[in-house]
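**Student:** Before I ask anything, let me first share the structure, which is written out below as structure tokens.
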Amino acid sequence: MHPEIDQNSELSVSTKRQSGPLDPFLKAVWRGAATILPPLITFVIIIWIVTTINQYIFSPLTRAVRDLIFVTTADIVPSNAIPSSQPKNSEIVLRGKTYIRMKGGNYIPKEVVDYLREEFGNENLPSTAGDVYRLFIEQRYLKPHLVLPFLIAILILILYLIGKIVTVRIGRITWAQIESLFSSLPFVRSVYGAVKQVSDFILAQRSMEFSRVVAVEWPRRGMWVIGLVTSESFPQLEKKSGRDMLSVFIPTSPAPMTGFTVNVPVEDTADLGISIDQAIQFIVSCGVVVPVAPTNGLPVAAGNSDKSPSGPAITHSGRDSD
Numbered sequence: 593m594h595p596e597i598d599q600n601s602e603l604s605v606s607t608k609r610q611s612g613p614l615d616p617f618l619k620a621v622w623r624g625a626a627t628i629l630p631p632l633i634t635f636v637i638i639i640w641i642v643t644t645i646n647q648y649i650f651s652p653l654t655r656a657v658r659d660l661i662f663v664t665t666a667d668i669v670p671s672n673a674i675p676s677s678q679p680k681n682s683e684i685v686l687r688g689k690t691y692i693r694m695k696g697g698n699y700i701p702k703e704v705v706d707y708l709r710e711e712f713g714n715e716n717l718p719s720t721a722g723d724v725y726r727l728f729i730e731q732r733y734l735k736p737h738l739v740l741p742f743l744i745a746i747l748i749l750i751l752y753l754i755g756k757i758v759t760v761r762i763g764r765i766t767w768a769q770i771e772s773l774f775s776s777l778p779f780v781r782s783v784y785g786a787v788k789q790v791s792d793f794i795l796a797q798r799s800m801e802f803s804r805v806v807a808v809e810w811p812r813r814g815m816w817v818i819g820l821v822t823s824e825s826f827p828q829l830e831k832k833s834g835r836d837m838l839s840v841f842i843p844t845s846p847a848p849m850t851g852f853t854v855n856v857p858v859e860d861t862a863d864l865g866i867s868i869d870q871a872i873q874f875i876v877s878c879g880v881v882v883p884v885a886p887t888n889g890l891p892v893a894a895g896n897s898d899k900s901p902s903g904p905a906i907t908h909s910g911r912d913s914d
């Protein structure tokens, strides 16, 4: 054995990190973090989504419904509407109904105040008659278990109407103008473009119509990328190449909603035998989550199981490699 090889071996051994007394503790901490982070982050994201929807959709709708009920049903008597012959005491009787004077001087029905006093006590009531009545409407008619299904139904109806509108010509033209406006704003176009890609990938039906998962050699021989078969390719390409072709979407990590589409000969693809969800998990995790495939080893191109691959199926020039 050569002396220099022995020196290198000794150097490699000496440079290895020695185990310390805290290593078992640190390994347990990292293992615990790896265990708890996925459900914790999932829980935080769900809370954020629910909070955002409540803050920007349900709360404004609730306030709108509350104000509508207030305008149409509020029984508030201004102090200047009390007959001059009747003393303006803390309680008055008008048209056979008892009213209580609030700090602002206006009067509201006694049953409204009594209802709120049972809920909050006398000290926690708002000062003005309008605020007291709005609080009464919220507590009496807009309880969460009653208003939430109603608001969800309204939201679904609004989404349905928008979906029907954008399917007609005038709706498509109008929405195209709105999108062009978003695209013309410097900062908004970047945010809107990213959000649109994510929403289109998640919600658009056409974006999810993948038939199976394949592997394609890219960018050189021996390197494989995951692709999602979308459809058969152009008949013109099949006629030109003399081979059956597939349209394959190549997603990128860690955001599978971005990527590019290529047309690949069938024999230059390899069926992986995994589901679309498993492929998405592999891409999002940057290869950390490896799905269990029905076969072991490197993929073999369909139609070429008895020979080595003919070369990269995709090239920048658009031709097969020699």
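Residues 593 to 914 in our numbering are what the sequence shown spells out, letter by letter.
Quick reminder that beta carbons are idealized off the backbone N, C-alpha and C, glycines included.
#1: Report the option in Gln828, Tyr691, Tyr725 whose CA atom is closest to the CA atom of Thr931.
#2: Would you identify the three-state DSSP class for Phe826, choosing helix, strand or coil?
#3: With DSSP as the reference, identify every bridge partner of Arg804, one or two as the case may be.
#4: According to the neighbour-count rule (16 or more other Cβ atoms, all chains shown, within 10 Å of its Cβ), is Leu743 buried or exposed?
#5: Label Phe779 either buried or exposed according to how many other C-beta atoms from any shown protein chain fall within 10 Å of its C-beta, with 16 as the threshold for buried.
#6: Could you compute how far the alpha carbon of Val884 sits from the alpha carbon of Ser877?
#7: Pick helix, strand or coil for Arg813, following the three-state DSSP scheme.
#8: Could you say if the stretch 631-642 and the stretch 702-720 meet the contact criterion of at least three C-beta pairs nearer than 8 Å?
#9: Report the three-state DSSP secondary structure of Ala862 (helix, strand or coil).
#10: Bridge partners for Ile842 per DSSP, in chain order?
#11: Can you give me the start and stop residues for the beta strand (DSSP E) that Ile692 sits inside?
#12: Where does the unbroken alpha helix (DSSP H) through Val704 begin, and where does it stop?
#13: Check each candidate in Trp622, Pro631, Asn672, Tyr733 and name the one with the smallest Cα separation from Arg655.
#14: Where does the unbroken beta strand (DSSP E) through Val685 begin, and where does it stop?
#15: Give the secondary structure of Pro857 by DSSP, where H, G and I count as helix, E and B as strand, and everything else as coil.
#16: For Val880, which of helix, strand or coil comes out of DSSP?
#17: Quick check: the Cα distance between Ile842 and Ile770, rounded to an integer number of angstroms?
#18: Who does Tyr699 pair with in a DSSP beta bridge?
#19: Run the CB neighbour count on Asn716, radius 10 Å, all protein chains shown included, and call it buried at 16 or more, exposed below.
#20: Could you tell me the boundaries of the alpha helix (DSSP H) in which Ala745 lies?
#21: Which value, in whole angstroms, describes the spacing of the CA atoms of Val854 and Ile765?
#22: Express the C-alpha separation of Ser772 and Gly879 in angstroms, rounding to a whole number.
#23: Determine the direct distance from the alpha carbon of Asp723 to that of Ile868, and round the result to whole angstroms.
**Tutor:** According to the data block:
#1: Summary: the structure shown does not reach residue 931, with the chain confined to residues 593 through 914, and so no result is reported for it.
#2: coil
#3: Val821
#4: buried
#5: exposed
#6: 15 Å
#7: coil
#8: no
#9: strand
#10: Phe852
#11: 689-693
#12: 702-712
#13: Tyr733
#14: 683-686
#15: strand
#16: coil
#17: 30 Å
#18: Val669, Arg693
#19: exposed
#20: 736-757
#21: 30 Å
#22: 37 Å
#23: 54 Å
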